[in-house]
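Please read the structure below before turning to the comments.
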Amino acid sequence: MPSLTAYKSDLDYGYAPGVFPSMECLLNRPQSVRRLLLHSRAQGTEGAEKLTALAEKLHVRIEIADKALARISGKENCFAAAVFEKFDDGLAKGKPHVVLHNPSDCGNAGTILRTALGFGVENVALIRPCVDVFDPRVVRASMGSLFSLRVRTYDTFEDYLAEHPGRAMYPFMLDGSRSLPDVLAGDISPDWTLIFGNEGSGLPPEFQHIGQPVRIPSNDRIDSLNLSIAAGIAIYTFSQKK
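According to the numbering used here, the sequence shown holds residues -9 to 232 in order.
Below, the structure written as structure tokens:
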């Protein structure tokens, strides 16, 4: 087997660093797993034994690879990592979507993936320039939720629109023309798309003319919410709307 290098976006494979993300990868993307790396210090632990049993059942190659784990994770305490082939399922039609427009923080992106899955939204689009959804930092922050989602990255928002026309669009903006409670008081189409902008700059002004711009009201003691917090509020409240 070829030696493993630190992650690069042009690789055709990625890493799921950590016991729990590796387990999620094996459980939900078994056909994509190339091999499982374990640290010698993890041997005999409950997590490693569960991973080993599942990998053996799936006929996945298992390697004790202390140096490789440190190299690909950048951490000395990474005790497991699944090596997986990258995937592109495409997004489901007629289902709720979340769109992240130019997200630049891996932690935020991963947290939003985890939040989306937790509230039943299984389709997420990213618009370039953006984080690489297969970056191990995104995978780790998602706690492996990535492997249960349909995720696609588009060059432009127009590319997303062309593939998914006629959807109910809700761009979240500080100056959105309607508040979140006001929007939720009305009827909501089941094929909604929630759109969130970059952590620093938000959505470009042209999103004021796309669908129904929404603001999350707060008091005047803060100027804005963290992206992952705002997305969590929006995804949860929309998911509760029947």
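Built from N, CA and C at the ideal position, the CB exists for glycine as well.
Keep in mind the model is a prediction, meaning the values are calculated, not measured.
- In the structure shown, the three-state DSSP call for MET133 is coil.
- Under the three-state reduction of DSSP output, ARG205 falls in the strand class.
- As for any beta strand (DSSP E) of minimum length 3 sitting wholly inside the stretch 50 to 104, the runs are 51 to 54, 70 to 75 and 87 to 91, ordered along the chain.
- Taking C-alpha positions only, ASP213 is separated from ASP165 by approximately 11 Å.
- Counting along the chain, the unbroken alpha helix (DSSP H) around PRO11 starts and ends at 9 to 18.
- Rounded to the nearest angstrom, the gap between the Cα atoms of ALA60 and GLY134 is 19 Å.
- Membership of PHE186 in the beta strand (DSSP E) is indicated by the continuous run 182 to 186.
- The way I'd put it, the stretch 147 to 165 doesn't touch the stretch 47 to 55; fewer than three beta-carbon pairs between them come closer than 8 Å.
- Minimum Cα-Cα distance from GLN230 among the listed residues PHE10, GLY110 and PRO20 corresponds to GLY110.
- For SER191, the three-state secondary structure derived from DSSP is coil.
- When DSSP states are grouped into helix, strand and coil, LEU28 belongs to the strand group.
- Beta-carbon to beta-carbon, CYS120 and ASN92 are separated by about 6 Å, close enough to satisfy the 8 Å threshold.
- Residue burial annotation: ALA43 is exposed, with fewer than 16 other C-beta atoms found within 10 angstroms of its C-beta.
- By the Cβ rule, the stretch 193 to 210 does not count as touching the stretch 67 to 75, because fewer than three pairs are nearer than 8 Å.
- In summary, HIS199 is exposed, with fewer than 16 beta-carbon neighbours lying within 10 Å of its beta-carbon over all protein chains present.
- In this structure, the beta-carbon distance from LEU26 to ALA45 falls below 9 Å.
- Secondary structure note for ILE225: its alpha helix (DSSP H) is the uninterrupted segment 217 to 229.
- One alpha carbon belongs to ASP125, the other to SER63, and they sit about 10 Å apart.
- When the beta-carbon positions are compared, VAL114 and PRO161 stay at least 9 Å from each other.
- For the pair PRO7 and LYS65, the CB atoms are nearer than the 9 Å cut-off.
- Assigned with DSSP and collapsed to three states, ALA152 falls in helix.
- Here LEU17 is exposed. Its C-beta has fewer than 16 other C-beta atoms within 10 Å.
- Ranked by Cα distance from ARG127, the options THR143, THR101, PRO20 and LEU107 are led by THR101.
- As computed with DSSP, TYR160 is found in a beta bridge with LEU184.
- Take LEU136, set aside five residues on each side of it, and the residues of its chain with a beta-carbon closer than 6 Å to its own are LEU103 and VAL129, in chain order.
- Within its own chain, the residues whose Cβ lies closer than 7 Å to the Cβ of ALA58, once the five positions on either side in sequence are excluded, are LEU(-6) and LEU27, listed in chain order.
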